[in-house]
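Written out below as structure tokens is the structure these notes cover.
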Amino acid sequence: MKLISDQDLQPLLEAAFFVAESPLSIQDIKQTLLMNYKVSSKRIKLAIEALQLDYQERGVHLVKVARGYRFQTAQAHSEDLAALFKERTPRYSRALLETLALIAYKQPITRGEIEDIRGVAVSSYIIKTLLERNWVKIVGHKEVPGRPALYATTKEFLDYFSLSSLAQLPELMPLPELSLNEP
Amino acid sequence: MVQQVLPLAMIHGQAVVEKPQDLFIPPDALEIILETFEGPLDLLLYLIRKQKFDILDLPIAPITEQYMEYVELMKEAKLELAAEYLVMAAILAEIKSRLLLPKQMVEEEDEDPRAELIRRLKEYEVIKHAAEQLDEMPRMERDIHLAQACLTDNFQPREIKAEVELSDLLAAMRDVMKRTRAFEHHHIYKEVLSTRERMTAILSKLKAVREQQPYLAFNSLFDYEEGRQGVIVTFLAILELIKESLIECIQTQASEQIQVRLKA
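As you go down the protein sequences, you meet chains X and S in turn. Note that our numbering numbers the first sequence so that position 172 is 172, with each residue one more than the last. Note that our numbering numbers the second sequence so that position 78 is 1078, with each residue one more than the last.
Here's what the structure looks like:
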């Protein structure tokens, strides 16, 4: 087991985050990048926090998402950066977004339950798109006749929306008590 | 004396002076709007919001009337009318008719016929709102991009050499052998060892020792180092020689060593 100084640790982590293809968690870092070094999780975390501070005023930020840490562009530049990319990112239909929102907020949920709330049939295409994008996954089957699949969101979904957990989703509009006014 | 403006209507005790802004929508515009509805609940919500009604009020009569107008328009515009829209029309009609019943005829514990629909509308509105918020959230590819650096050109990935136990190697080899056996084909080779040649060899062997001992043990004719093939060739040669009456096999007692000698 080799030793590494804080002075070396920080730039090594920086390089690792930049070249890694997916976000790196502290656990990932310990098991791969620093497998031959004697370094505690706490020291890694402190080094990451120092890096985050260094990058605070830069064009890219070191951000914690669900699967770990990654460097991403600062949101302030998104509009101008869009000029770099010729192809527009796909716009998602309201049907897809509503379905995704239902899965995110009410997971695990069956397709039938989604249809109940939305009042219309959910097209297979939407479910397929969500599964293919790896935003949702089937986590099991409901023990009712027909054993319908139960859908839930994935870590990739959180990463895509730059969230580190479901708790960071915006709060739902409060559902008021039903006290009807006279017809 | 200032003349007071006459209110158009009184709603919840408040005077409404001005006409609602969006009382009328030209039919052309409607067609465009119609396609964007995400279902009957969405359409109902739109109608309620458009009239600035409170969902909890849900004035069934005017809403039903407008809803039916929209459904008719959808039919005219030949939009694929989802069955759900017609189901909703039936629900509205049912609620409307139940509201028309005199109060005393309705059973006591019966809840407001609108309650279920209002609950569904509220629930849908919450999700509709959540979907809008989700759409506004910064997301990859649109608002944020992954920042990545390239590895240097001369980057060498580290090879991690696996440690292998000898027993693992043997087990692997065994598997390979098992598999090759399954894939082995039957080949027909030209006989490397000729039976004729072997017949000659046996005869000359017997001849060479005839002076000292007329018999040779059956076993001694075989050269085990030749392996299975050699043994078979020798055996065939012996059989051939017996058939041609050049040698004979003698056994003095059952299960004793077989002796071979030249005939005559």
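Backbone N, C-alpha and C define an ideal beta-carbon position, used for all residues, glycine too.
Taking the alpha-carbon positions, what's the Leu-1117(S) to Val-1087(S) distance?
A direct Cα-to-Cα measurement between Leu-1117(S) and Val-1087(S) gives close to 12 Å.
Can you list, in chain order, the residues of the stretch 72-89 of chain X whose Cβ is nearer than 7 Å to any Cβ on chain S?
Against chain S - using a Cβ distance shorter than 7 Å - the residues of the stretch 72-89 of chain X are Gln-72, Thr-73, Gln-75, Ser-78, Leu-81, Thr-89.
Sub-8 Å separation of Glu-98(X) and Arg-118(X) beta-carbons
Yes, these two residues count as a Cβ contact at 8 Å.
Determine the contact status of Gln-72(X) and Leu-1151(S), defining contact as a CB-CB distance below 8 Å.
no
Where DSSP assigns a beta bridge to Thr-110(X), which residues make up the other side?
DSSP output for Thr-110(X) lists Leu-150(X) as bridge partner(s).
For Glu-1159(S), the three-state DSSP class (helix, strand or coil)
coil
I'd like to check one pair, Glu-1248(S) with Arg-1228(S): are the Cβ atoms closer than 8 Å?
no
Can you tell me the Cα-Cα spacing of Ala-121(X) and Lys-1128(S), whole angstroms?
Those two C-alpha atoms are separated by around 15 Å.
Residues of chain X with CB closer than 8 Å to the CB of Glu-1084(S), please, in chain order.
Among the residues of chain X, those whose CB is under 8 Å from the CB of Glu-1084(S) are Gly-119, Val-120, Ala-121, following chain order.
Per-residue contacts from Lys-70(X) into chain S (C-beta, under 7 Å):
Checking the sequence, you will find Arg at residue 70(X) rather than Lys. Chain-order list of chain S residues neighbouring Arg-70(X): Leu-1146, by C-beta distance under 7 Å.
Could you check the C-alpha separation between Val-136(X) and Glu-113(X) for me, to the nearest Å?
16 Å
Assumed close pair Val-65(X), Pro-23(X) - CB separation to whole angstroms, cut-off 8 Å:
5 Å
Bridge partners of Ile-1247(S), per DSSP?
Leu-1262(S)
Return the residues of the stretch 1122-1138 of chain S that lie within a Cβ-Cβ distance of less than 8 Å from chain X, sorted by chain order.
Lys-1122, Glu-1123, Tyr-1124, Glu-1125, Val-1126, Ile-1127, Lys-1128, His-1129, Ala-1130, Ala-1131, Glu-1132, Gln-1133, Leu-1134, Asp-1135, Met-1137, Pro-1138
Whole angstroms are fine: how far does the CA of Leu-163(X) sit from the CA of Leu-169(X)?
8 Å
Buried or exposed by the 16-neighbour rule on C-beta atoms within 10 Å, applied to Phe-85(X)
Residue environment analysis places Phe-85(X) among the exposed positions, since fewer than 16 neighbouring C-beta atoms fall within 10 angstroms of its C-beta.
Cross-chain neighbours of Leu-1151(S) in chain X, by beta carbon under 8 Å:
Val-19
Backbone CA spacing between Arg-43(X) and Leu-158(X) [nearest angstrom]:
Taking the straight line from one Cα to the other gives about 26 Å.
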